[in-house]
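Beneath this line is the structure, given in structure tokens, with notes to follow.
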Amino acid sequence: MASATLGRGDVPASLWALAILAVLRSGAPGVVWSQTEARFATEVVVGKHDSSLDADLFSDIRTISVAGDGTLFVADHLSSEIRSFSSDGEHLRTLGSRGSAPGEFSHITSMVALSRTEVLVADKVFGRFTRLSSGDPLTARMNRTQLETPKQVAHVPGKGYLFLTGPEPYNETDQDLFREFDEDLNFVGSFGNADSLGISSDLFTRTMQSANAGSFDMAGPDTLFFAPFFSPERLHMFVRNPSGGWATPELILGAERGEPFELVAPRTSPNSAVMFRSRFGDSAGVIHSQSIGLHVADDGLVWSFSLLRIGESRRIVAEVFDPIAKVVAKTLVFPHEEFPDYAGIQAPIEARGYHNGRFYLIDESEHPKVRVVRVVE
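When we follow my numbering, the leftmost residue of the sequence shown carries the number 537, and every step to the right adds one.
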């Protein structure tokens, strides 16, 4: 049975902080944090297995993007094709192919939908950006000193593009996670280093070299939320300076450096590791966690999805953060049955798209597909 979850108006924020800190520092065993069980209600599946042909539509889904009208773009890693689908899953068109000519790709690492017919694609091997549409592709070279491995990208109309990146091999002198480009793909600047994020150099190095580096989304043109890949219990907020550039990020949720359980904001589950130790106990094994998606919903709430594993137990956790009140409005826990067993920590599900109350999940279990879901509590 789902346990009750207190809303942000039920308890004063100051009492939340004091109560949680008191419990954490007491070391009291058996604490169960306030949380609600939830599930994903699948509405559309894109990429169903064709049993008659014994074939999958996708070989390896590398990245997806959702346009403003709900058109879904899916990049296939092996074929280097990008397919677009309507909001109800109907195939619309196929763009791109494998090769070296304009409009062809070798290693797609990120893309962003610009409209229902146009998408910007970043190719790591060829070191270039490509705008794909129904017309001729437009390409621009990628300056590797400015952007080595673009892992996620957001488009801010009228201002340009923001890339979450990670240099490969890791460059000790280049330690910014985000790169900004104007609408013509001219480099503007970079921001988000280890010092500004307040994390150790070791964790920052692992973040830069990880598969996705983390998850981020925009709340309007001038505010960015970011959860590091290996530390999803942290939530950072970047705000654009009126005079240009980005201010030092504010850690609005998570742990301060050197004080792993010192809360910045009150939350129902103060730390992913603490939360799962309280449920399973220290004897269950080492806890692993990773960010698998972060999205700003239509109502302004920030949904941060994490995969947590302790011993043989796995859960997807969504913490829903209110950036105005600066509290966690609710914590949702998705049961193990939402995804099958798998080896290692790499998530079979990633929440990599959002539109009009629906989340778009890259689901690699059984066969590659995209599930369009609503969260049911």
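Glycine is no exception: its CB is placed at the ideal position from the N, C-alpha and C atoms.
Can you give the beta carbon distance from residue i to residue j, rounded, assuming they're within the 8 Å contact cut?
| i | j | result |
| --- | --- | --- |
| A658 | M647 | 7 Å |
| L656 | F665 | 6 Å |
| M773 | F761 | 6 Å |
| F895 | H831 | 7 Å |
If you draw a straight line from the alpha carbon of residue i to that of residue j, how long is it in whole angstroms?
| i | j | result |
| --- | --- | --- |
| H627 | W839 | 28 Å |
| S767 | S825 | 7 Å |
| F714 | F699 | 6 Å |
| R915 | F717 | The structure shown has nothing for residue 915, since the chain only spans 537 to 913. |
| I597 | R629 | 17 Å |
| V602 | A730 | 30 Å |
| R888 | M678 | 24 Å |
| L683 | V863 | 34 Å |
| P673 | F740 | 36 Å |
| A854 | F594 | 27 Å |
| G694 | G780 | 14 Å |
| V610 | A676 | 21 Å |
| V906 | R619 | 12 Å |
| T578 | D899 | 12 Å |
| L868 | N892 | 19 Å |
Counting along the chain, where does the beta strand (DSSP E) carrying residue i start and finish?
| i | result |
| --- | --- |
| A865 | V863 to F870 |
| S726 | F723 to F727 |
| T675 | L674 to R677 |
| V911 | K905 to V912 |
| L683 | Neither: L683 is in no beta strand (DSSP E) and is coded neither H nor E. |
| F594 | Taken as a continuous stretch (DSSP letters only), F594 belongs to no beta strand (DSSP E), as it is neither H nor E. |
| H891 | I885 to H891 |
| T759 | T759 to P764 |
| R894 | R894 to D899 |
| E579 | R575 to V582 |
| L617 | Checking the sequence, you will find Glu at residue 617 rather than Leu. It is not in any beta strand (DSSP E) - E617 carries neither H nor E in the DSSP assignment. |
With DSSP collapsed to three states, give me the class of residue i.
| i | result |
| --- | --- |
| F740 | helix |
| S651 | coil |
| Q688 | strand |
| H627 | strand |
| D858 | strand |
| A749 | coil |
| E719 | coil |
| G696 | strand |
| D659 | strand |
| L843 | strand |
| R770 | coil |
| E902 | coil |
| Q826 | strand |
| L608 | strand |
| H831 | strand |
Assuming residue i is part of the alpha helix (DSSP H), what are its boundary residues?
| i | result |
| --- | --- |
| A730 | A730 to L733 |
For chain D, find out if any of its Cβ atoms is closer than 8 Å to the Cβ of residue i; answer yes or no.
| i | result |
| --- | --- |
| L593 | Absence of chain D from the displayed structure is noted, only one protein chain being present. |
Report yes if the C-beta of residue i is less than 7 Å from at least one heavy atom of the ligand FAD; otherwise report no.
| i | result |
| --- | --- |
| R850 | This structure lacks the ligand FAD, and indeed carries no ligand of any kind. |
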